[in-house]
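These notes concern the structure reproduced below.
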Amino acid sequence: MKVNNIEIKPLVLEIVEEAVKKDLFFAIDCLQGYRFGDKDFYQHPTQNLSLLCNQKPEDKYVGTDNLDECYIFFFNRKEAERLNKDVRNGEDEGDYDYEGWINWTNWNDGVERVADYTVNLDELINLSKVTDNWENKFEQLKKHL
-13 MKVNNIEIKP LVLEIVEEAV KKDLFFAIDC LQGYRFGDKD FYQHPTQNLS
37 LLCNQKPEDK YVGTDNLDEC YIFFFNRKEA ERLNKDVRNG EDEGDYDYEG
87 WINWTNWNDG VERVADYTVN LDELINLSKV TDNWENKFEQ LKKHL
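Residue numbers -13 to 131, in this note's numbering, belong to the letters of the sequence shown in order.
Here's what the structure looks like:
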């Protein structure tokens, strides 16, 4: 959305874009007890941001927008490729190392949707800065509506 030269994207998109810029992959866990390697795991590691959330008016229930709550895990390229290969081959090694995670909730508003996260994401993707910048843009945007 853009109003008076203030452009704002969904917060979850801004956060995950930062991770993808650092060559990280995201995966979405729908909290149904599936393991990373399970074929029914909600979203296996990817850098395809169109799978993350609703981004266009015609989008309905894409990624995190289809869930009340989820965990978004971040993997480095090597681990993401190993996990995706195991899923394609029907194997589940069980131990997959991730770089960090965010507990995302859709019942909260604004930055409160980030209910919890691993503190290393502040260093890895500047999470606090990303959320602060988004919140500032959101407040500016509200003033112009």
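C-beta: ideal position from N, C-alpha, C; glycine also.
Residue i - DSSP class collapsed to helix/strand/coil
i: T50; result: helix
i: V97; result: helix
i: D15; result: strand
i: E85; result: coil
i: F124; result: helix
i: E44; result: coil
i: I111; result: helix
i: D102; result: strand
i: I(-6); result: coil
i: E0; result: helix
i: E77; result: coil
Whole-number beta carbon distance between residue j and residue i, since they are thought to touch under 8 Å
i: F59; j: W93; result: Between W93 and F59 the Cβ distance is about 21 Å, and since that is not below 8 Å, they are no contact.
i: Y82; j: L69; result: 5 Å
i: D118; j: R63; result: Not a contact, Cβ separation roughly 28 Å.
Neighbourhood of residue i by C-beta distance below 7 Å, restricted to the same chain and skipping five residues each side
i: G49; result: I14, Q29, L37, L38, C39
i: V73; result: G23, K25, H30
i: D108; result: S114
i: A66; result: F11, P31
i: E79; result: G23, D72
i: C16; result: Y28, L53, C56
i: D45; result: none
Beta-carbon spacing of residue i, residue j below 9 Å
i: Y47; j: F61; result: no
i: V2; j: L35; result: yes
i: E4; j: V97; result: no
i: Q33; j: P(-4); result: no
i: L127; j: I(-6); result: yes
Residues near residue i in its chain [Cβ-Cβ closer than 6 Å; skip 5 each side]
i: A101; result: N89, T91
i: W120; result: L(-3), E0
i: V6; result: Q33
i: Y20; result: D26, F27
i: D51; result: C39, N40
i: N106; result: G86
Residues of its chain near residue i, where Cβ-Cβ distance is below 8 Å and the 5 sequence neighbours each way are ignored
i: R99; result: L(-3), V(-2), W90, T91, N92
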